[in-house]
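Working notes, structure below.
Residue numbers (the numbering used here), protein chains in the order written: chain A, 566 to 1130; chain B, -9 to 306.
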């Protein structure tokens, strides 16, 4: 092929059209993702005073991050593997409901999880108040907040679902007859597990473990709220250096370390993806889950169900229940408290108690959140449409463009927030003015999900449909409006709700970017949780309960209208 | 011994109960007089070859075959020697190092057989071992299987829904219908005298025509084809009783002229079957399939005579 031919191919009409479709999303990514990212690098390399940087400033948060992620991952596997086995091999009453329930923690905003554990095990939580009441204690007997256990438990709470889902479906895919064949060949149950089940399961367990490790590694809100300042992971340290110490270059350096770790972990994860075994025969039936028969089986199933409910549902239930319950004296009240149901915490959300001009009543935070969430959906959806249309065209360019689009997914929200702080500090886009909108940051996080929702729906529309509309006399615009749009409307709705819900609960980037006088719901929850007083505590729980309800509703809608393949 | 029956009749379940993979809801499994209840599958010393072979996808051919031997804690050298021997038995010596996922259906079947045979089980059970293969391969491998089973000298229970396969391989047949034994015995005996119309129909022994008994001795039936004299009956038919008449394809003779059991039929269809032709005749609303050597014209009317020796009266 001659050079001019090659040139012609690169600048072909196909590529030109693809690029035209890409222009919008690419411009958006360039300004709001790649430019801030580049700023992190330039700032930390040009402004950092290397002489002043102690190696321990990097190694201490890094080693603690690795330590807590390793411990969390091990505990998560310990919690998830028996449950994965029970879900794969046994049938029991309420199995589908439990399956739906255990996805709740995974999708909850970090502040909700933090508030949930606080409502259960915190100094004002059910367990401590109960024990204090029972034994007439002066102080809460269980110290949970600001311990390593709080971080670990919250991570197990979040990620056990991943292990159950990934390992459970792999386990289900292992034909029970392989194990039975081993038994007829003389292998006892332990030998069967070691020689047959484990080798077949190992790729899924490793993949799940690595994914959990990645989530634990980048966890921010949980560590910040439940762990307290003495447990600084990389993410929390980036936040502290940037927002408290105002040492942006060091924050940038930590961010770079974090990104390198993520890159290694992601590559490792992609590597592992291909290591699973395929089923030998297409006729292999799905392994039938059985009802537990022996006492031992019943105990195992029952134990797992109770364990999952305690670990994953009780914090959320405790949160909702506590937000409606008065258990201790409020501010200015004396003497015995009448414990009972109350709506006080919810009503307080509308009050401006402090009479201060700068104080924002919590209900306004809810309004802000809704506004930003709507803005995120309105921004991410059109961009997602353009990118999806571009990706649908099968050109070579697309592989690279797709990677560019997906990169924000592998970048932590805190890094994103830091980049924004570095870049958008002057007009026209200034974090401190009204011109800046949190929707911009949230759209970046949402965009990959939106594209991954829209693209399958768009790709499943056969070309012949558009062609037959054209043959019947519809122009391109009318064909799109009357044929394609109705077919992808469902997917678009799902993508929109997704973006909305994601924005509503986003905490990592928001904690950097939200203006003090314009907090979002998660930011307000964080503030109220860290302030003393029963009323503040109650309001934090009330807001968390509202956020939990909205998130659950959003996920329910996504599930209900989700694109069935 | 072969367990024969339509799908869903409980053949595989019986194998799984014998193997100890599933508890029996009722009844007992006896081995040389002792009850096996409570003994787990891995201590029974029975071999089971699964329908889709259930080969371990993460182990090579040789490692699959060696598995049962390793479970007996044999010395490495012996494991190697005996698994090689088992592979040689099924003609797969050169395949030892291959991945089982790369094998064809027929090769997988042989690996499964070698794996089941290698630990020398007290009893070998085979669950539709040829079911997943195409027709030509099935005949070839069925032949080999018979050979290998005879040579191994291990008692075998063979499950199939294909009666030809069962006839070819078994010394004894148990016919299952809906979880119950419909009939059992030597294949030739089952062929000669099926116990019921269900057995005759399932085994494809011939045409079944409904009729009533006119006289018991000599046995004459009233059927839509006319009055038919029958030589043999299963059970003792009484006059007036509704019965089934089994007309084997070879009972019909193309013969002009009068006499007993003469039936007129319209040729509805002719199928070429190699040595013979199969005719579908319509005899007063009854469809008969018969074999002939020279094909008549479709639509022509044909007189045939039903040989009483090829007929059997079966209870309804």
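The C-beta atom is built at its ideal place from N, Cα and C for all residues, glycine as well.
Predicted, not measured: the structure shown is a model, and the values here were computed from it.
Taking one beta carbon from each stretch, the region 1101 to 1119 of chain A and the region 975 to 989 of chain A have fewer than 3 pairs nearer than 8 Å; the two do not touch. The alpha carbon of residue 103 of chain B has as its nearest neighbour, out of B:150, B:300, B:37 and B:26, the alpha carbon of B:37.
For the pair residue 225 of chain B and residue -5 of chain B, the Cα-to-Cα distance works out to about 23 Å. In the three-state reduction of the DSSP assignment, residue 711 of chain A falls in the coil class, being assigned neither a helical nor a strand state.
Short of 7 Å from the beta carbon of residue 685 of chain A, and not among the five residues preceding or following it, lie these beta carbons of its own chain, in chain order: 691, 692, 879, 880 and 883. Per DSSP, residue 672 of chain A is one residue of the alpha helix (DSSP H) stretching across 669 to 672.
For residue 865 of chain A, no CB of chain B lies under 8 Å from its own CB, so it is not counted at the interface with that chain.
Per the DSSP secondary-structure output, residue 242 of chain B pairs in a beta bridge with B:296. Chain A has a Cβ within less than 8 Å of the Cβ of residue 40 of chain B.
Secondary structure of residue 655 of chain A (DSSP, three-state): strand. Residue 751 of chain A and residue 147 of chain B have their C-alpha atoms some 19 Å from each other. About 4 Å separates the beta carbon of residue 73 of chain B from that of residue 55 of chain B, a gap short enough to meet the 8 Å contact definition. Annotation: residue 789 of chain A to residue 712 of chain A spans about 11 Å, alpha carbon to alpha carbon. For a cut-off of 8 Å, the C-beta gap from residue 777 of chain A to residue 724 of chain A is around 4 Å, short enough to register as a contact. Along the region 240 to 270 of chain B, there is no position whose C-beta sits under 7 Å from a C-beta of chain A.
Counting the other Cβ atoms within 10 Å of the Cβ of residue 1 of chain B gives 16 or more, which makes it buried. One Cα belongs to residue 687 of chain A, the other to residue 1113 of chain A, and the distance between them is close to 19 Å. A:644 is the residue among A:587, A:638, A:644 and A:622 whose C-alpha sits nearest the C-alpha of residue 874 of chain A. Relative to the Cα of residue 673 of chain A, the nearest Cα in the group A:1050, A:1047 and A:1117 belongs to A:1117.
Contact between the region 184 to 191 of chain B and the region 231 to 239 of chain B is present, with at least three C-beta pairs closer than 8 Å. In the displayed model, residue 230 of chain B falls within coil according to three-state DSSP, outside both helix and strand. Between residue 663 of chain A and the set A:872, A:1058, A:1073 and A:1095, the nearest pair of CA atoms involves A:872. C-alpha of residue 862 of chain A to C-alpha of residue 906 of chain A: approximately 40 Å in a straight line. About 7 Å separates the Cβ atoms of residue 287 of chain B and residue 257 of chain B, confirming a contact at the 8 Å cut-off. Under the Cβ criterion of 8 Å, residue 46 of chain B is counted among the residues facing chain A. With a beta-carbon spacing of about 15 Å, residue 983 of chain A and residue 825 of chain A fall beyond the 8 Å limit used to define contacts. Contact residues of the region 656 to 687 of chain A toward chain B are absent (C-beta to C-beta distance below 7 Å).
Think of a sphere of 7 Å around the beta carbon of residue 749 of chain A: the chain B residues whose beta carbon falls inside it are 9, 31, 36, 37 and 38, in chain order. The Cβ of residue -4 of chain B sits no closer than 8 Å to any Cβ of chain A. Setting aside the 5 residues that flank it on each side, residue 1053 of chain A is surrounded in the same chain by 1019, 1022, 1023 and 1026, each with a C-beta closer than 8 Å to its C-beta; the list follows chain order.
Beta-carbon to beta-carbon, residue 706 of chain A and residue 696 of chain A are separated by about 5 Å, close enough to satisfy the 8 Å threshold.
Close to chain A, meaning a Cβ-Cβ distance shorter than 7 Å, are the following residues of the region 53 to 80 of chain B: 57, 58, 61 and 62.
Along the region 96 to 109 of chain B, going in chain order, the ones with a CB nearer than 9 Å to a CB of chain A are 98, 102, 105, 106, 108 and 109.
Taking all protein chains in view, the Cβ of residue 10 of chain B is crowded by 16 or more other Cβ atoms within 10 Å, so the residue is classified as buried.
About 11 Å separates the CB atoms of residue 1091 of chain A and residue 677 of chain A; that is not less than 8 Å, and the two are not in contact. Distance from the Cα of residue 150 of chain B is smallest, within the candidate group B:139, B:132, B:140 and B:143, for B:132.
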